[in-house]
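Protein chains in written order, with my numbering: chain E, 53 to 597; chain D, -12 to 215.
As structure tokens, the structure follows; a few thoughts come after it.
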């Protein structure tokens, strides 16, 4: 027994165990706090508000997921199955709305449709005195759909590209019409990707705080912030968080249960489906996709650019440079930590599979399923506990120190980022390891190379494109992140995301336009690198074959 | 003649003929093996017969129905051609029953069930009716793929390298089973292979294909006598 444990005890295992513990402990805190007696605020929330929060949350995620899944699937289907002019350009540009955080899109469309906004002025100029109010539940659904559908699009596109033509041909030879082939074969085979993409959309929707606060759509993340900062009642916020976590886990569990014994991939011999020219009646498809891109990216960016005309001396000043450096440096730092830990976790996962490994990795990747507001509470409480624990040590180093050190520092925010985005980094790196297999690593071990040397000289060079993808996706997510940053940042510490939120909350959209544009530009550049690095890699694979 | 193929020509790109002036006739119930190395055009020939590729020239008539000629082209889904793919192409999200019933949607529900049962009996897989493809071995998957292709009573059965995914021991067994099932149903069949043993064991006639042309033809009298 001791020999077995000793043989498995290495850098990868130890790091993975510690990472898992650091995730479990703060989350367990949430459930432990549930045993505390109910406060007056909680009784008020439960009696008068909880029903509304639940209803609004379900309505929002129901419509956002249906619309994002339909739009993402449609876009992926048109891009992978039809040939038309501009297809390649559209193929990566359709991901760009992901660079626009939903709260920024909400501020822009909120302003454009206000009485003095571009849209209302245009309506009045053509003699129409109507007015569109986007600051409603319906508006929130549309904006979430426009910013989040790329998750579904990316996943389904990849699944459709991998779908073997023989399934479709086989169905046709069995007499199935084109519609039957689509509904009974193509769509069900893409189901795992469709569901995974939609699940990401749901999680991102539940995580959002900026948009729902601005539009006053009272959903759970709004409620958690409200309980904490308006009622000043952390315990009520924790109770709401626990309910939200149960909803999230319920959704994940339900999907697994529905899937049952079914599988969606059977063999690896894939002959891709050939793209066909659009028929006359289908020529509207690319037009629709360009319109989605216009509403999801081009129009908000143009409006923000227009705002900058009035932002004369607030343009690039020292404060702005400071913000950019802040945002980028913390995102780079947290990304680096995530990638390093994800490499350790992926190595821990290699070798013989065991149920312990499987469950432990699920735990370490739990953070992404937990909305930012909930995670923020968990991390905050954990850091305060740590401060209490380490207080004697602080006193020893500096006798005049206060009680709170870690919880007032940037380390708390970095820790929360690591917890939340670990799954994103891990999944990308794990997929790369899966592709290269284990024979190269085993060959190196057989040649007496140490674990670290093998990692450095064999594994990492082989998975470098996967590492780059992981780093870019995590970086984009962190730079856009709002709820965690708002709650856990040290006083007077701002990132581009928080300053945009602050200005926009004060109706100062002109001031918000520059940081918003910089944020979108950085994220768009990253998306460009990501999509083009992948395309290059794809080309290299084809040549090799 | 039950199957008549006349002067078939096909190329994926212009000026590059993959199938070059192929003509072939078959009697009802005959099993023809098309033997050739990879790139000889044998799988392409099957794809043309099934309607998955449209030939540049030529004529295909099966059971007195013209499937392809100068002015005629019947789409794959309307051809009533059964095909077993090299990778079997069993739909992974459907169980065995649903896979076999997929091509029977025109039948009333009760007839559909009976036909599925009949097919499973034919391939001796009745107990696997609820299994999903990933729960079956390679040989079992092949039998289900065969049952699915035969269920709608096609006018011809096409098999694309049916043994390439099986290991040697299993291959010998499955080869005999396949031959027995095809003969039992008296199904006119064409299968392509690169392995002479496969062709020798099953076919009534072997056709050699090279660079898209038929270069030789051998009648396998031992197989024909066995079935008579």
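From the three backbone atoms N, C-alpha and C, an ideal C-beta is built for every residue, glycine too.
Would you call the stretch 133 to 141 of chain E and the stretch 240 to 250 of chain E in contact, with 3 or more CB pairs under 8 Å? no
Residue 214 of chain D versus residue 71 of chain D: straight-line alpha-carbon distance, rounded: The predicted model places residue 214 of chain D with a pLDDT of 49, which falls under 50 and marks its position as unreliable; any figure quoted below should be read in that light. Those two C-alpha atoms are separated by around 22 Å.
Would residue 433 of chain E pass as a contact of residue 108 of chain E if the rule is Cβ separation under 8 Å? no
Taking residue 31 of chain D as the reference, give the member of D:164, D:-5, D:58 and D:166 with the closest Cα. D:-5
Less than 8 Å between the C-beta atoms of residue 279 of chain E and residue 258 of chain E, yes or no? no
Looking at chain D, which residues of the stretch 167 to 197 of chain E have a Cβ within less than 9 Å of any of its Cβ atoms? none
So residue 379 of chain E and residue 548 of chain E are supposed to be a Cβ contact under 8 Å. How far apart are they, rounded? 4 Å
DSSP has residue 188 of chain E in a bridge; who is on the other side? Answer is none; residue 188 of chain E lacks a bridge partner.
Starting from residue -9 of chain D, follow its DSSP beta bridges and name the residues at the other end. D:12 and D:48
Would residue 163 of chain E be called buried (16 or more neighbouring beta carbons within 10 Å of its own) or exposed? buried
Using 8 Å as the Cβ pair cut-off and three pairs as the minimum, do the stretch 330 to 348 of chain E and the stretch 120 to 134 of chain E touch? yes
So what does DSSP say about residue 273 of chain E, is it helix, strand or coil? helix
Does residue 348 of chain E come out as helix, strand or coil in the three-state DSSP assignment? helix
Please compile the residues from chain E whose C-beta is within a distance smaller than 7 Å of the C-beta of residue 19 of chain D. Within chain E, no residue comes near residue 19 of chain D; the closest Cβ sits about 19 Å away, beyond 7 Å.
Contact between the stretch 109 to 116 of chain E and the stretch 162 to 177 of chain E (3+ Cβ pairs under 8 Å): no
Please report the straight-line C-alpha distance between residue 590 of chain E and residue 37 of chain D, rounded to a whole angstrom. Because the pLDDT at residue 590 of chain E is just 45, under 50, the model does not fix this residue reliably, and the value given afterwards should be weighed accordingly. Cα to Cα, the separation comes out at about 32 Å.
Which residue comes first and which comes last in the beta strand (DSSP E) that contains residue 195 of chain D? 192 to 197
Hey, how far is the Cα of residue 275 of chain E from the Cα of residue 100 of chain E? 12 Å
Could you check whether the Cβ of residue 226 of chain E sits closer than 8 Å to any Cβ belonging to chain D? yes
Do we get a CB-CB distance below 8 Å when we pair residue 214 of chain D with the residues of chain E? With a pLDDT of only 49 at residue 214 of chain D, under 50, the local geometry of the prediction cannot be trusted, and no value is derived from it.
Here's a check: name, in chain order, each residue in its chain whose Cβ is nearer than 7 Å to the Cβ of residue 289 of chain E, leaving out the five neighbours to either side. 276, 279, 280 and 429
Excluding five sequence neighbours on each side, which residues of the same chain lie with their C-beta closer than 7 Å to the C-beta of residue 91 of chain D? 99, 102, 138 and 139
Please report the straight-line C-alpha distance between residue 166 of chain E and residue 85 of chain E, rounded to a whole angstrom. 43 Å
Between the CA atoms of residue 152 of chain D and residue 501 of chain E - distance to the nearest angstrom: 37 Å
Could you compute how far the alpha carbon of residue 493 of chain E sits from the alpha carbon of residue 405 of chain E? 16 Å
Provide the residue span of the alpha helix (DSSP H) that contains residue 434 of chain E, from first to last. 424 to 449
Check each candidate in D:112, D:144, D:95 and D:96 and name the one with the smallest Cα separation from residue 17 of chain D. D:144
Those residues which DSSP pairs with residue 307 of chain E across a bridge: Paired residue(s): none; residue 307 of chain E is not in a bridge.
Would you call residue 235 of chain E buried or exposed, if buried means 16 or more other Cβ atoms sit within 10 Å of its Cβ? exposed
Quick check on residue 167 of chain D: buried or exposed, where buried means 16 or more other Cβ atoms within 10 Å of its Cβ? exposed
Closest Cα partner of residue 185 of chain E within the set E:199, E:421, E:206 and E:161: E:161
Please confirm if the stretch 394 to 401 of chain E is in contact with the stretch 475 to 487 of chain E, defined as three or more CB-CB distances below 8 Å between the two stretches. yes
In chain D, what lies closer than 7 Å to residue 219 of chain E by C-beta? 76 and 78
List the residues that DSSP assigns as beta-bridge partners of residue -3 of chain D. D:6
Kindly confirm or deny that the stretch 102 to 115 of chain D and the stretch 127 to 135 of chain D touch, where touching means at least three C-beta pairs closer than 8 Å. yes
In whole angstroms, give me the CA-to-CA distance for residue 463 of chain E and residue 541 of chain E. 9 Å
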